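Participant: Residues are numbered in the numbering used here as their position in the sequence shown, beginning at 1, plus a constant of 639. Every residue gets a Cβ at the ideal spot worked out from N, C-alpha and C, and that includes glycine. The model shown is predicted, which means the values in this text are computed figures rather than measured ones.
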Amino acid sequence: PKIQMRTILALVIAFALIQSFTSIYNDPFMKLFITMYAFCAVGMTMLMQIMSFEGNYIDGLMVRKECILTVLKAKYILSCLYMVVPLVILIPTMVTGKVTVLFVFSMACFSMGVVYFMLFQLVVYNTNTIPLNMKVGQRQSSSSMQKVMAFAVFIVPMALYWLLEMLCGKTVGDLILLFMGIVFILLSNVWLKNVYQRFMKRRYKNMDELRSSRMN
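1. I think Gly820 touches Ser745, with their Cβ atoms under 8 Å apart; what is that distance to the nearest whole Å?
2. Helix, strand or coil: which one does DSSP assign to Ile769?
3. Find out if the Cβ-Cβ distance for the pair Tyr764, Leu671 is shorter than 8 Å.
4. Alpha carbon to alpha carbon, what distance is there between Asn845 and Val651?
5. Can you name the start and end residues of the alpha helix (DSSP H) that Leu741 belongs to?
6. In whole angstroms, give me the CA-to-CA distance for Leu708 and Tyr676.
7. Determine whether the beta carbon atoms of Ala789 and Met683 lie at a separation below 8 Å.
8. With H, G and I counted as helix, E and B as strand and the rest as coil, what does DSSP make of Ile689?
9. Would the segment 709-724 and the segment 744-759 be scored as touching if the rule is three or more Cβ pairs under 8 Å?
10. Taking the alpha helix (DSSP H) that Gln643 belongs to, which residues open and close that run?
11. Assuming Val822 is part of the alpha helix (DSSP H), what are its boundary residues?
12. Return yes when the Cβ of Val792 is within less than 8 Å of the Cβ of Ile689, no when it is not.
13. Please identify the residue among Met784, Arg850 and Phe742 whose C-alpha is closest to the C-alpha of Ile673.
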């Protein structure tokens with residue numbers, strides 16, 4: 640996970656610097672894609688395989704009541720704190736006027752709220768344990784749900800952004816995305832508890848599959 644995060648951050652830094660100090664990515668689509676990628680890629684790296692690493696010690700997590708809920712809340716807080724990194728990286732882009740401060744903060748809040756809400760649904764469906772000593776280059780199998788979520792995490796924000804811009808204008812559209820993100824952030828305890836309850840309803844099935852994949 641550490642190497643994956645470093646690789647993603649290196650790519651984000653490279654794209655942000657190119658966008659800030661060159662004219663290569665000046666078209667609206669690339670500005671949207673790079674800004675969205677800066678925030679969504681961090682979340683995807685941390686959360687796309689949620690519960691897969693925990694599968695190595697799932698029995699220990701299930702010993703104490705609501706331990707899984709505590710883990711989910713900790714993961715959400717840590718993922719949100721990581722958003723500071725792309726925010727700092729995008730400062731030159733904002734200073735040079737390539738993107739507005741409102742746009743960057745709307746994408747950050749939308750990612751922490753709506754995008755993270757989507758990614759945390761994988762808690763219920765990820766049942767393939769990833770060995771803790773797996774190398775980065777080693778092939779990892781992805782479930783159908785992970786593939787769908789990886790596609791949705793990029794398509795939904797972009798489609799929603801263009802739709803809101805077309806219907807309401809850029810400033811109002813950014814404000815709507817910002818508002819949506821803040822609402823989901825404020826309700827994070829509610830939907831995290833919902834994810835936890837759904838996981839617990841199928842905990843025996845998930846634990847059995849996590850153990851089986853660990854043994855294989």
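Facilitator: Quick answer:
1. Gly820 to Ser745, Cβ: 7 Å. Contact.
2. Residue state, collapsed to three classes: coil.
3. Not in contact: Tyr764 and Leu671 (Cβ atoms no closer than 8 Å).
4. Whole-angstrom Cα-Cα distance: 34 Å.
5. Where Leu741 is concerned, the enclosing alpha helix (DSSP H) stretches over Val740 to Phe749.
6. Their backbone Cα atoms lie some 28 Å apart in a straight line.
7. Note that the C-beta distance between Ala789 and Met683 is below 8 Å.
8. Reduced to three states, the DSSP call for Ile689 is coil.
9. Judged by Cβ distances under 8 Å, the segment 709-724 makes contact with the segment 744-759, as three or more pairs qualify.
10. Element bounds for Gln643: Lys641 to Phe660.
11. Where Val822 is concerned, the enclosing alpha helix (DSSP H) starts and stops at Lys809 to Leu825.
12. Not closer than 8 Å, so no.
13. When each option's Cα is compared against that of Ile673, the closest is Phe742.
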